[in-house]
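FYI, in the numbering used here the residues of the sequence shown are 1 to 330. See structure below.
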Amino acid sequence: MAETVPPIFGQNLPLKRKKVVSLVEAYDPYRISPLIEAVLKADKENWERNDIVRQDIWKSIWGEEIDSLSFPPSKAAHCPRQLGYKALGYSEAPLRLESIMTMGIGTGTHIWLLRKLGFLTPGHHEIKIFDFETPQTGKADFVFQNPITSQWQVADLKTVSQAAFNKLNRDKLPQFLRNTKNIVWPFENDLRQILLYMWILEKQGFDVGAGNIFYLNRNSGQTKEAIIPWDSQTKYQTKQYVEKLKKAREKIEKGELPEADPASEWTCQYYCDFSHHCDNGRDKAVKKKKKKRPPQWVLKQAKEERAEKEVKAEKLREAGTYQPEMPLIP
Ligand code: SF4
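Structure, rendered in structure tokens:
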């Protein structure tokens, strides 16, 4: 029964209580984070929708059809099955603000550093890389010709969390790189990505020498560097993964899902938008497969190449130039 006030002139009137507005509610209209979240999510969805429009424009102007199965090496490096889920139209995990923000921090840092270093390597940053065989289309941060070795290098910048930064270590460094300072071995998915870039560049006729990954801790600003040799051993490893990508393509064309081959357990946990569909992926990743050693002839060839490089380096050292330097534009 409604509460009443005593009658003034014979009739009871319902008691009017003021709605109590909590401080939280009062300040709700001032919040800005819901707006940022909505804008960023809509922007991301639009970007993906516009990608189809961009492909149509490209086709109408240049007459070139973009292979709908084409993926950037950064995605192809994660897991062939993940590519299958995407190409076959499986639903992706809902967009998370944290991942959009993390990507934003990475993009911002990329633009800043590309501007600085772009001055040193004019025309060789954000290089479009494509290969119709696998098929892949993407952009490498830097592709440059080392003035000391005359060979081409591909370099990528990665912004990582504190936890990931701490995990970067020298445990898996090949023996011949152990004598270096501050050089770490990259994460498997980053390694695959750089190897794919180098493989594509070599196919296009570049004399590729090595790949670099420059890791930046987004919490502290600390940095670590990885050098990836392009020798028989890494070429063999790349060829094997390329074969997997080709098989993945064949399966996708038949409407089937490719084999799972995540780069690491992190791939399934943090970098896969389809893990909710994948039954065995996580198990497979968690029980990390023991890596097969390349055949003896590959190891022998790689050793010979290293010996050659050492002779070349010795000559450079004698000539007084050893550390590669970027040419400055006059
Ligand atoms: S959950 Fe792991 S194995 Fe499955 S598709 Fe994703 S990355 Fe691949």
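For every residue, glycine included, the Cβ atom is placed at its ideal position computed from N, Cα and C.
Legend entry - Rounded separation between K300 and Y236 - CA only: 12 Å
Inset, instruction - Using alpha carbons as the reference points, say which of R192, T149, P295 and R170 lies closest to R317. - result: Distances from the alpha-carbon of R317 to those of R192, T149, P295 and R170 put T149 closest.
Inset, instruction - Within 10 angstroms of the Cβ of Y27, are there 16 or more other Cβ atoms? Answer buried if so, exposed if not. - result: exposed
Legend entry - beta-carbon H110 near the ligand SF4 non-hydrogen atom, thresh 7 Å: no
Legend entry - Which of helix, strand or coil DSSP assigns to Q136: strand
Legend entry - As assigned by DSSP and simplified to three states, the class of W152: strand
Inset, instruction - Would you tell me roughly how many angstroms separate the C-alpha atoms of G298 and I36, rounded to the nearest one? - result: Note on identity: in this sequence residue 298 is Val, with Gly being the wrong assignment. The alpha-carbon atoms of V298 and I36 are separated by roughly 52 Å.
Inset, instruction - Say yes only if the C-beta of F144 is nearer than 7 Å to one or more non-hydrogen atoms of the ligand SF4, and no if none qualify. - result: no
Legend entry - Between the CA atoms of Y271 and H277 - distance to the nearest angstrom: 14 Å
Legend entry - S275 and Q193 closer than 8 Å at C-beta: no
Legend entry - Test item: CB-CB of L245 and R81 under 8 Å: Not in contact: L245 and R81 (Cβ atoms no closer than 8 Å).
Legend entry - Given N179 as reference, the closest of I105, E310 and N146 once Cα atoms are compared: E310
Legend entry - F176 in three-state terms, based on DSSP: helix
Inset, instruction - Report the three-state DSSP secondary structure of I329 (helix, strand or coil). - result: Unreliable positioning characterises I329 in this predicted model, as indicated by a pLDDT of 40, which lies under 50. A coordinate reading is not provided.
Inset, instruction - Can you tell me the Cβ-Cβ gap for A210 and I183, rounded? I've got them flagged as a contact below 8 Å. - result: Wrong, their Cβ atoms sit about 11 Å apart, outside the cutoff.
Inset, instruction - Would you mind working out which of S99, L83, L195 and N189 sits nearest K247, comparing C-alpha positions? - result: For the residues S99, L83, L195 and N189, the minimum Cα distance to K247 belongs to L83.
Inset, instruction - Keeping to the same chain, check which residues put their C-beta closer than 7 Å to that of A163; ignore five residues upstream and five downstream. - result: none
Inset, instruction - Taking only the alpha-carbon atoms, compute the straight-line gap between W152 and V208 and give it to the nearest angstrom. - result: 5 Å
Legend entry - Cutoff 7 Å; reference A263; Cβ partners in own chain excluding five residues on either side: Taken in chain order, the residues that qualify are A77, H78, C79, E188, N189 and R192.
Inset, instruction - Go ahead and label N46 buried or exposed: buried means 16 or more other beta carbons lie within 10 angstroms of its beta carbon, across all protein chains shown. - result: exposed
Inset, instruction - Give every residue of the same chain whose Cβ lies closer than 7 Å to the Cβ of L177, excluding the five residues on either side of it in the sequence, and list them in chain order. - result: I183 and I227
Inset, instruction - Rank P147, L69 and V143 by C-alpha distance to the C-alpha of L157 and give the top, closest one. - result: V143
Legend entry - Exposed unless 16 or more other CB atoms sit within 10 angstroms - verdict on S220: exposed
Inset, instruction - Flag S33 as yes when its Cβ comes closer than 7 Å to any non-hydrogen atom of the ligand SF4, and as no otherwise. - result: no
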